[in-house]
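In order, the protein sequences belong to chains L, D and U.
Last residue of the first sequence: number 471 in the working numbering, and the count goes up by one each step with no gaps.
Last residue of the second sequence: number 750 in the working numbering, and the count goes up by one each step with no gaps.
Last residue of the third sequence: number 156 in the working numbering, and the count goes up by one each step with no gaps.
Glycine included, C-beta positions come from ideal geometry on N, C-alpha and C.
Everything numeric in this text was worked out from a predicted model, so none of it was measured.
Below is one structure, written out as structure tokens; comments come after it.
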Amino acid sequence: MITFQIDNHTVQAKAGWTVLETARHYGFEIPTLCHHEAVTPSGACRLCMVELRDGDWSKLVASCIYPVAEGINVHTDTERIRNVRRWILEMLLSECPASKQIQDLAARYGLKQTRFAIENPDEECMLCGLCTRVCEEVVGLAAISTVDRGVHKKVGAPFLRPTEVCVACGCCVTICPTNAMQSRIDAVRRVPATAVTAPTSK
Amino acid sequence: MFNESTAVNLENRRLTSHAQLNELRDHILASRDPDRLEVVVCHGTGCFANGSPKVVEALKSALDEKGVDAKVMPGIKATGCHGFCSRGPLVIVKPHGYFYQKVAPKDAEEIVEQTLIEGKPVERLLYKDPKTGDPILTEEEIPFYNLQERVVLHNIGKIDPTDITDTIAAGGYQALAKAISTMTPEQVVAEIEKSKLRGRGGAGFPTGRKWRSALAAIEKKGRPVYVVVNGDEGDPGAFMDRTIMEGDPHAVLEGLILGAYALGAEHGYLYVRSEYPLAIRHLEIAMAQARELGLLGENILDSGFSFDARINRGAGAFVCGESTALFTSIEGKPGNPRPKYVRSVEEGLWGRPTVLNNVETWANVPLIIDKGADWYTGVGVSHSTGTKVFSLVGKVNNVGLVEVPMGIPLDKIIEEIGGGVPGGQPFKAVQTGGPSGGCIPYSLKDTPVDFDSLTEVGSMMGSGGMIVMDDRDCVVDVGRYFLRFLEEESCGKCIPCRLGLIRMRGILDDFSAGKGTQQDIEDLMSLSQAIQDGALCALGTSAPNPVLTTLRYFKDEYIAHIEAHKCPAGVCKDLITYTIDPDKCTGCRSCARQCPQGCIRGEKKKPHVIDTEQCIRCGICMETCKFDAVYVE
Amino acid sequence: MTTQEASIDEILERYPGSPEYLIFLLQDVQKSYGYISPDSMQLICDRTGVPESQVYSVATFYQSFRLEPQGEHDIKVCLGTACHLKGGQRIMDELKRRLQVEPGETTPDMKFTYTSVNCVGACALAPVVVIDDEYYPSTTVKKLEKQIKALSQD
Ligand SMILES: Cc1cc2nc3c(=O)[nH]c(=O)nc-3n(C[C@H](O)[C@H](O)[C@H](O)COP(=O)(O)O)c2cc1C
Ligand code: SF4
Ligand code: SF4
Ligand code: SF4
Ligand code: FES
Ligand code: FES
Ligand code: FES
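Right, here's the structure in full:
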């Protein structure tokens, strides 16, 4: 067992656990967007940042991937953390303004609007990458992937055209933390000419 | 290439001991006449682009025409970059050492007649001392060179990089042969630790400590372990690693083999930027020749130690210079960085212990093993030992590649080696560390150039880009430039970097359009903090640096944009006007012909006028005018 | 067409059929054909065993890959730091005005494709333009105009 501190409480974790797992086990609240038990963590959304402190030294790490270690001193809600979360949410409010989940989360940090211009009012996807990971790791098909890089990054099927590789299992729709995949699935799945009905997940 | 000095046949010359390497070296040296005439023509990228191949052609046909007899028939040697690229194409005639600059094909005849046949210098082509105007005969006497300390670059410009016999004659592979025959792997690691060598790729991490942790990881996880060269050189405006790979590929290779020996690696990778085809070719040739001689591959020098390596060409992604992205790219995937809470010496390429070092770092390794750590720590300063190669570019007279001992004052590099800013005024700032670094203002010109001092003033060593800016360079524009660069190069995986950089740039865009507010400056600082704290990899966490350092040292200039709606440097298009000075304008009409808007009017031979309503402020008129009549405010 | 087919087979045979050679294959195909067509991408998937979506992900992540046929002449304008300070953007703007297409696009007559690059390692000669792999040092709008005219005519 590994013993350490979260918000000045002593906690214990098994070797190999992450800080997030431990924190949730003990009921500490840490917001996440790109994390799901079913797939490998990727550390993309950076909402789950926590602060490690040791005397004057301090550093922010992503709790969903940070492995627990003996004696570390973790804080889950400091000014530095709130600054990161607020900016992420403020930027997401303009990036995927249609997402109810993002709006709710932002409201919890006192954000109702964003200083940034909204370009695409219907966008919901914030590129957490859960859909592509579930398709590859759980379904085993990798029908979709991320396309392009940087600000142009998006999720889609090859050549951004519907693909027969997709079996319409719906896993991506289920795992999507916003509603984005629901409205995208038709752009992903091509029903083979011979198929009568597509199989559905239960 | 066209090196006629290869009198030594390498076929079936597999070397099986240090003694045999020495024999071969003696044999090569004996077959060469030190007094033989030789024309060295720089074929580095700069000189090549300026026409050095045409100079060689012209030299050859001049030699043919003159019917030069065999005794004075020179060898012609193509080398890598000599560093003084702004003076290219460079030609050096040996044994005299005459140093000719800006040589054109039409100069070939004179070089052949005067220098090769009569042994006299062509005065017209010599470098002139900028202060006295006196011609200088040889490279060693030119201030640009004699203030440098060329350790890593010692071979470059002297050897033909495509001919291993040149390298061997110059002492190449001595360190490897010495290590294999007289040192244990542990002793090699210890020597590197003792040298206090720090990584030249950016962060300045102690190389010996990295290798030591890799040994610890191997202890835990076993082998295989991999050694990797980072030749991605992404810093835009820097070409140190390119020059080393092109001009002395064996130095990198020998370093890598030594690292492999120290760690017990059997396999290595060289990840080289795709924009550097010549570097790739020279490395390939070097590897083939080293294999031929038994210096690479199975059973090196008959010691039982085997190691081979392969080149991976980059495919155009700056982020792949970052260690974890580089590994994912070698694995054949998109170069998205991985979180580094487990260090890559433990879990790197294919999840195995891996040592990644920069090109220049690897090239230092043979020097340390050959001459010893004590010699090495005698160069530079105590926490930053050795030398560093910089690419000195921007508003400086002697643009090129310079190598200096660590700890030298910044001013000495810019003013004495670089010859200062054209026009003679003091520089405004020097940008070091590329997109992750910062701007150092003139007031800090005495800052010693070493890892820790540069970090202290808010910049960083980075890989060695050094960009000199003068009062026509705007800090807001430079900030926008680096942000745009990084925003295009961000892998897009994590939100602070993918969305944060473009938003920061948006705020700067407003500044350059005269639309910013004080609140924007505060937002810029707090958003920077969020990106530094929140981004996944160092591309993101270091991205706010250029903006933060300029805010620290040039806040007035930001304020001028916001409050006075002025760009003091005359760069931000929305805040400037181009005007023609009637006293200087000769009415030559050059600008009017080039202006894409056709908004410059006036009669021939009379002063012209710009219609500022229609002007799109492209600046073409200013670039075109030969009389400096166009000015900007 | 058959000769081209043969040569893609030859390319596929150059490396063992495993995912680590994906980028090598994409590079070699692009070198021979100028771009990577959907058909050759499919063949690369089959050869390396990498799902098509992931090959597409790689091909769109790296800047050097082209998924559409390119113009006869390839113009690269350096916008590295040294070239930026010496007016690289001016050259870029001028090209846009002249060719009337966006960076990365090809002119309708399939003559020119132009893009920006970040430092080609010849910073001493800034601003640098690379046309069909040949470097043009200290480029001005005027010199560029001459080059383009010359290339448009052949
Ligand atoms: C975005 C990014 C780009 C980088 N690019 C390079 C590069 O082009 N060349 C390089 O040697 N190191 C680069 N680095 C640093 C490497 O990650 C790594 O620290 C270095 O190669 C280690 O070698 P060294 O210890 O010999 O410096 C980069 C780092 C980051 C975060
Ligand atoms: S579609 Fe949903 S699951 Fe997929 S990346 Fe976007 S937000 Fe995440
Ligand atoms: S910081 Fe930028 S480059 Fe690094 S992982 Fe995040 S998005 Fe990618
Ligand atoms: S800046 Fe450009 S548009 Fe304006 S006058 Fe000069 S050439 Fe014409
Ligand atoms: S939940 Fe940890 S980074 Fe997204
Ligand atoms: S290329 Fe010749 S001196 Fe740099
Ligand atoms: S910045 Fe253009 S060549 Fe380096």
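- With a cut-off of 8 angstroms on Cβ pairs, the region 13-23 of chain U is not in contact with the region 127-135 of chain U, counting fewer than three such pairs.
- For a cut-off of 8 angstroms, the C-beta gap from Cys716 of chain D to Gln731 of chain D is around 4 angstroms, short enough to register as a contact.
- Of all residues in the region 314-325 of chain L, only Cys314, Arg315 and Met318 place a beta-carbon less than 7 angstroms from a beta-carbon of chain D.
- Below the 8 angstroms Cβ cutoff, chain L contributes no neighbours of Thr117 of chain U, its closest Cβ being approximately 15 angstroms away.
- Leaving aside the five residues that flank Ile253 of chain D on each side, the residues in its chain whose CB is nearer than 8 angstroms to its CB run, in chain order, Phe216, Leu243, Tyr244, Lys245, Asp246 and Ile259.
- Relative to Pro323 of chain D, the option among D:Ala746, D:His500, D:Pro661 and D:Ile193 whose CA is nearest is D:His500.
- In the structure shown, the three-state DSSP call for His384 of chain D is strand.
- Within the model, the alpha-carbon separation for Ile309 of chain D versus Gly376 of chain D is close to 10 angstroms.
- In the structure shown, Ala307 of chain D falls within a helical segment according to DSSP collapsed to helix, strand and coil.
- Annotation: Tyr23 of chain U has no Cβ neighbours in chain L at a cutoff of 7 angstroms; minimum Cβ distance is about 18 angstroms.
- In the structure shown, the three-state DSSP call for Trp328 of chain D is helix.
- Assignment of beta-bridge partners to Tyr137 of chain U by DSSP yields U:Val132.
- The alpha-carbon separation between Phe744 of chain D and Met583 of chain D amounts to approximately 31 angstroms.
- According to DSSP, Arg458 of chain L shares a beta bridge with L:Thr432.
- Look at Arg430 of chain D here: in three-state DSSP terms it is strand.
- Ordered by chain, the residues meeting the criterion of a beta-carbon within less than 6 angstroms of a non-hydrogen atom of ligand 5 are L:Thr301, L:Leu302, L:Cys303, L:His304, L:Gly312, L:Ala313, L:Cys314, L:Arg315, L:Leu316, L:Cys317, L:Ala331 and L:Cys333.
- In this structure, the beta-carbon distance from Ile299 of chain L to Ser332 of chain L falls below 9 angstroms.
- Counting C-beta pairs closer than 8 angstroms gives fewer than three between the region 466-483 of chain D and the region 662-677 of chain D, which falls short of the contact rule.
- Put simply, the backbone Cα of Ala426 of chain D is about 9 angstroms away from that of Leu373 of chain D.
- With fewer than 16 other CB atoms across the displayed protein chains lying within 10 angstroms of its CB, Leu146 of chain D is exposed.
- Under the 9 angstroms criterion on CB atoms, Thr441 of chain D is classed as non-interfacial with respect to chain U.
- Counting other Cβ atoms within 10 Å of its Cβ, Trp492 of chain D stays below 16 and is therefore classed as exposed.
- If you ignore the 5 residues before and after Lys237 of chain D, its C-beta comes within less than 6 angstroms of the C-beta of Gln231, all in its own chain and listed in chain order.
- For Ala128 of chain U, the Cβ falls inside the 8 angstroms cut-off from some heavy atom of ligand 7.
- Interface annotation, Ser629 of chain D: not in contact with chain L, CB-CB separation never under 9 angstroms.
- Placement of the Cβ of Pro454 of chain D at a distance of less than 8 angstroms from at least one heavy atom of ligand 3 is found.
- Bridge pairing for Gln548 of chain D: D:Cys556 and D:Ile584 [DSSP].
- Secondary structure at Met404 of chain D: helix, using DSSP grouped into helix, strand and coil.
- Here DSSP, grouped into helix, strand and coil, assigns Asp251 of chain D to coil.
- Contact of Pro427 of chain L with chain U by beta-carbon distance below 7 angstroms involves Glu54, Ser55 and Tyr58.
- The three-state secondary structure of Gln102 of chain U, taken from DSSP, is coil.
- Listed along the chain, the chain D residues whose CB falls inside 8 angstroms of the CB of Tyr295 of chain L amount to none; the nearest CB is some 21 angstroms away.
- Secondary structure at Tyr217 of chain D: strand, using DSSP grouped into helix, strand and coil.
- Residue environment analysis places Lys723 of chain D among the exposed positions, since fewer than 16 neighbouring C-beta atoms fall within 10 angstroms of its C-beta.
- The three-state secondary structure of Cys317 of chain L, taken from DSSP, is coil.
- No residue range can be given for Asp352 of chain D, since it is assigned to no alpha helix (DSSP H) and is classified by DSSP as neither H nor E.
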